[in-house]
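Enquirer: Take this structure, written in structure tokens, and hold onto it; I'll ask about it next.
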Amino acid sequence: MNKIKIYLNKGKEASLGRLHPWVFSGAIGRIDGEVKEGDIVYVFSSRGEELGLGHYANGSIAVRMLSFIIGEDINEDFWFDRLSLALRLRLSCKLLRISSTDSKNNIYRLVHGEGDQLPGLVIDIYGQTAVVQAHSMGMHKNRETIARALMSVYEDQCGDGVLTAVYYKSQGTLPTKEQRDLCSDGFLIGQSEQEVVYENGLKFLPDWLRGQKTGFFIDQRDNRSLVEYYSEGRKVLNAFCYTGGFSLYALRGGAEQVDSLDSSSKAMFLTEEHVKLNFGDACPRHRSITQDAFDFLDTMPENEYNLIILDPPAFAKHRKVLRNALIGYRKINTKAFEKIASGGILFTFSCSQAVSKEDFRLAVFSAAAATRRHVRILHQLTQPLDHPVSIYHPEGEYLKGLVLQVD
Ligand code: SAH
2 MNKIKIYLNK
12 GKEASLGRLH
22 PWVFSGAIGR
32 IDGEVKEGDI
42 VYVFSSRGEE
52 LGLGHYANGS
62 IAVRMLSFII
72 GEDINEDFWF
82 DRLSLALRLR
92 LSCKLLRISS
102 TDSKNNIYRL
112 VHGEGDQLPG
122 LVIDIYGQTA
132 VVQAHSMGMH
142 KNRETIARAL
152 MSVYEDQCGD
162 GVLTAVYYKS
172 QGTLPTKEQR
182 DLCSDGFLIG
192 QSEQEVVYEN
202 GLKFLPDWLR
212 GQKTGFFIDQ
222 RDNRSLVEYY
232 SEGRKVLNAF
242 CYTGGFSLYA
252 LRGGAEQVDS
262 LDSSSKAMFL
272 TEEHVKLNFG
282 DACPRHRSIT
292 QDAFDFLDTM
302 PENEYNLIIL
312 DPPAFAKHRK
322 VLRNALIGYR
332 KINTKAFEKI
342 ASGGILFTFS
352 CSQAVSKEDF
362 RLAVFSAAAA
372 TRRHVRILHQ
382 LTQPLDHPVS
392 IYHPEGEYLK
402 GLVLQVD
């Protein structure tokens, strides 16, 4: 098969020289060969120097680089090696803890796109099931090979029976509607039922078939532990709670009262299921509130809570709506600063990739200033180690959080 070659415009090779994994469509001078979405393409400088290879896409990011090693092939060995590297990182950082203690953990992200040198691919592990999500046609086309490689990597590094099923879930994540319509979700290997899985010893029942993302927000694991640390004796509001992760940690941490709030009744149902699973059928310390968070924050009385968590959905999915997103962050944070009791702690987050750390701080700090309260930074938070950021792809750092003491 003939190699499809992409020649960059003069001067456009600098970012690949710095190992940044994206080629923008505007950087492309000429394409030799007939290219289709998801094809492997070989990238060259304007002077004809080979730079590496990647998956082609029709969007503004035209190539997602898979390798900068000249002569490397994208074959079974490639997938095996990349997935092995990803698993080895998680094992060496002692993320998987299977023994039955308070720290039992078998929910983690195995592949975080560019952070694991696999742009366009996300793999989350829930107990014995892997949920594979493709964000590019290149990864979609390779889904069967990836699933097989995944099973071999686990057999090789963890032994038989640790991973038994691979579920494919990309209907919501492929770039265009046409691609999404053609994609069907389902098991690529094995079969599994929804099972109880553990995060730091707490039980969860993620629904990878119907849930948001791959079924659970794994990226808040470490930040949830910090909520547990601060919760003793506090009255907690967990706004935008989804499956109630932060609430469970607050309850285990000894909170006097935990109110979980989400506008989705499905989310509130899942939160209640999780509270029951961990704290029994009656948990008088927990209350569920199904309401819009903006309305609730507007009308809730002052001094009701002394620990508030604000973890909204990505207000800005792309830079075009950045201004509105910042207004949204400013609004909810202003309300929290106005109402939180003196000595209260605010955990506030943004998971919008388009919102920079500086933009987010500015929105939160100007919200605080508008209320004239004395506010100090206790912690600056980000995503955990199973969502690694390649130093060559700083855009991969998307989760930003601040823990603020409000006097
Ligand atoms: N904190 C969660 C993840 C939050 S995801 C966790 O740790 O798992 C964002 C959640 O915000 C979703 O569940 C969504 O239903 C909810 N949401 C979106 N807009 C909302 C609004 N205006 N008011 C309340 N909840 C909202």
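In the working numbering, each number is its position in the sequence shown, counted from 1, plus 1.
Just so you know, even glycine gets a beta-carbon here, dropped at the ideal spot from N, CA and C.
Any heavy atom of the ligand SAH closer than 6 angstroms to the beta-carbon of residue 387?
Expert: Taking the first residue of the sequence shown as 1, we reach residue 387 at position 386. Every heavy atom of the ligand SAH is 6 angstroms or more from the Cβ of residue 387, so no.
Enquirer: For residue 246, which residues of its own chain have a beta-carbon under 7 angstroms away from its beta-carbon, when the five flanking residues on both sides are left out?
Expert: Here the question's residue 246 lines up with position 245 in the sequence shown. Counting only Cβ-Cβ distances below 7 angstroms, and skipping sequence neighbours, we find 218, 221, 225.
Enquirer: Flag this pair as yes or no: are the beta carbons of residue 403 and residue 349 separated by less than 7 angstroms?
Expert: Within the sequence shown, the letter at position 402 stands for residue 403. Within the sequence shown, the letter at position 348 stands for residue 349. Yes, these two residues count as a Cβ contact at 7 angstroms.
Enquirer: Please state the DSSP three-state secondary structure of residue 158.
Expert: As a position in the sequence shown, residue 158 is number 157, starting the count at 1. In this structure, residue 158 counts as helix in the three-state DSSP scheme.
Enquirer: Residue 11 to residue 138, Cα distance in whole Å?
Expert: In the sequence shown, the residue the question calls residue 11 occupies position 10. In the sequence shown, the residue the question calls residue 138 occupies position 137. The alpha-carbon atoms of residue 11 and residue 138 are separated by roughly 28 angstroms.
Enquirer: Taking 7 angstroms as the threshold (C-beta atoms), are residue 88 and residue 132 in contact?
Expert: By 1-based counting over the sequence shown, the position of residue 132 is 131. By 1-based counting over the sequence shown, the position of residue 88 is 87. For residue 132 and residue 88, no; Cβs fall outside 7 angstroms.
Enquirer: Taking only heavy atoms of the ligand SAM into account, decide whether any of them is closer than 6 angstroms to the Cβ of residue 294.
Expert: Absence of the ligand SAM is noted for the structure shown, with the ligand SAH being the only ligands found.
Enquirer: If residue 266 and residue 291 are in contact, beta carbons under 8 angstroms, what's the gap, nearest whole angstrom?
Expert: The sequence position of residue 266 within the sequence shown is 265, counting from 1. The sequence position of residue 291 within the sequence shown is 290, counting from 1. That pair is a contact at about 5 angstroms.
Enquirer: From the DSSP output, in three-state form, read off residue 66 for me.
Expert: Taking the first residue of the sequence shown as 1, we reach residue 66 at position 65. Looking at residue 66 - three-state DSSP - the assignment turns out to be strand.
Enquirer: The ligand SAH heavy atoms versus the CB of residue 169: any closer than 6 angstroms?
Expert: Position 168 of the sequence shown, counting from 1, holds the residue named residue 169. No; taking the cut-off as 6 angstroms, the Cβ of residue 169 has no heavy atom of the ligand SAH nearer than that.
Enquirer: Which term fits residue 117, buried or exposed, when burial requires 16 or more other beta carbons within 10 angstroms of its beta carbon?
Expert: Here residue 117 refers to the residue found at position 116 of the sequence shown. Residue 117 should be labelled buried.
Enquirer: Any chance the CB of residue 410 is under 6 angstroms from a heavy atom of the ligand SAH?
Expert: Look at the range of the chain in this structure, 2 to 408, and you will see that residue 410 is not part of it.
Enquirer: In the structure shown, what three-state DSSP assignment does residue 211 receive?
Expert: Against the sequence shown, residue 211 aligns to sequence position 210. Note: residue 211 maps to coil in three-state DSSP.
Enquirer: Could you tell me the distance, in whole angstroms, from the CA atom of residue 163 to the CA atom of residue 147?
Expert: If you number the sequence shown from 1, residue 163 lands on position 162. If you number the sequence shown from 1, residue 147 lands on position 146. Looking at the two C-alpha atoms, the distance is approximately 17 angstroms.
Enquirer: Please report the straight-line C-alpha distance between residue 179 and residue 41, rounded to a whole angstrom.
Expert: Within the sequence shown, numbered from 1, the residue matching residue 179 stands at position 178. Within the sequence shown, numbered from 1, the residue matching residue 41 stands at position 40. Computed Cα separation, rounded: 21 angstroms.
Enquirer: If you compare alpha carbons, which of 82, 15, 37 is closest to residue 50?
Expert: Position 49 of the sequence shown, counted from the start, is the residue given in the question as residue 50. Checking every option, the nearest Cα to that of residue 50 belongs to 15.
Enquirer: Taking the alpha carbon of residue 336 as the reference point, which residue from 353, 364, 368 has its own alpha carbon closest?
Expert: As a position in the sequence shown, residue 336 is number 335, starting the count at 1. Per the Cα distances, 368.
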